[in-house]
Ligand code: UN1
């Protein structure tokens, strides 16, 4: 049986308590392995190692840090297929999507490796003669990275790569549902030659490991992706301690389909965005805002296609939709279906936990669509994080935009229209961090900022250049070579 460990100060070690937990394949119930159930003592060791390693890593030339990241990217590329298969086994997404998840990690490795030779600051004129002004990015120190299970490779790389290239050292706590993928990623960093202590992995629960990282005085920043409830807790605690914090939380993403849209194209985008990764993306389309003129045609086509989607083990070629990650998530998702029914929404396809034959071994929920949903209903307001979407009819673009914006979140949105004026109105008036025209709500590329407005986050963005703003502080430097006292704003 595979027994996995923490990685602290360059060594693979058990939890100090010796405790372990199991993770099972959500499609088949088979055992993936056992993992350390770590606690504050393990976090203490990891932070101490990271603090020590920071003394050297911050001075290690950034282009050299980049070379290590390039090697990581190369190793990820070579192992893409086996990593993708292991990901499907561990959290259920279908193999094609698991490959995409690994690819996102490869892209991020290469992109951030290049930053080792850029990480530009500013050089500017001074208001005084014989004086030189510039700004440089500086690392923060030890950073705590807490990641979710739905993108078990991509999201850790979104945080680890920019953190490391900027010269920070890391304590990494992955989600308890996907610890094996985290181990694989850290093994690759080790193989690529990352010095001991620079990246430390501590596996365990949020209550125990996450909170210990959050409360540790030597951790300068927490970067967290996950639920809004936990994110709020992280923000409050971090504020009390004057820690930096970057949050990526929920979404209630909408696809608007206008009366002039290419309906078949919209159907493709909706099914991909609503049911890809079994709806377990922060960017999933959980609302479809349909112009009444095309609502019936759209819903008819969606129902026909959704009812043909095949549930199953994501490793099988024939599977369209894999399991959800766990029994408790399955229950939560299904509870929302009951809520939708009680609220009076019209269930047009799906709605059940799937238990036929082999499916009974795993956690499967049918792709589910509600029609004639009111924007105020809970299924139109709350993040479900499963294969459930809600069609909300509207009469105009103005109403569509109002409905799209009428939720607490602001991650992703999309509009299907052939009218360029409507597309530009949507770009101007929809309040989300990511917006698509004639494409679904998922599919962000790693060189643009990723994140959202309102309840989705706290103003930070991941990926692209924006990630460097999270993981660095600016230092403005003034060099006076006049040899005399020069007083800014006075002389
Ligand atoms: C997430 O849903 O948590 O745009 C991340 C996308 C992916 C990343 C999603 N590239 O859907």
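Numbering (our numbering), first residue to last: 124 to 614. From the three backbone atoms N, C-alpha and C, an ideal C-beta is built for every residue, glycine too.
The DSSP-derived three-state label of residue 494 is strand. Secondary structure of residue 132 (DSSP, three-state): coil. Per DSSP, the beta bridge partners of residue 143 are 159.
In the three-state reduction of the DSSP assignment, residue 528 falls in the helix class. Taking residue 374 as reference, the option from 533, 557 and 313 with the minimal CA-CA separation is 533. Under DSSP, residue 599 shares a beta bridge with 258. Here the C-alpha atom of residue 369 lies approximately 20 Å from the C-alpha atom of residue 242.
As DSSP reads the structure, residue 245 sits in no beta bridge. Those residues whose C-beta sits under 6 Å from the nearest heavy atom of the ligand UN1 are, from N- to C-terminal order along the chain, 227, 273, 274, 404, 405, 406, 565, 566 and 567.
If you check the CB distance, residue 198 and residue 313 do not come in under 8 Å. In terms of Cα proximity to residue 410, the closest of 174, 440, 509 and 306 is 509. Taken atom to atom, the span from the alpha-carbon of residue 488 to that of residue 186 is near 47 Å. Residue nearest to residue 459 within the set 476, 444 and 437 is 476 (criterion: CA-CA distance). Residue 282 sits away from residue 333, with the two beta carbons spaced by 8 Å or more. Beta-bridge pairing by DSSP links residue 516 to 413. Secondary structure at residue 580: strand, using DSSP grouped into helix, strand and coil. Classified as buried, residue 266 has 16 or more neighbouring CB atoms from the shown chains inside 10 Å of its CB.
DSSP lists no beta-bridge partner residue for residue 403. When 398, 427, 179 and 209 are compared, the shortest CA-CA separation from residue 471 is found for 427. According to DSSP, residue pairing for residue 294 in a beta bridge involves 267 and 323. Per DSSP, the beta bridge partners of residue 368 are 345. Shown here, residue 544 sits in a helix according to DSSP, grouped into three states.
Around the beta carbon of residue 431, fewer than 16 other beta carbons sit within 10 angstroms, so the residue counts as exposed. The Cβ neighbour count for residue 180, taken over all protein chains shown within 10 Å, is at least 16; the residue is labelled buried.
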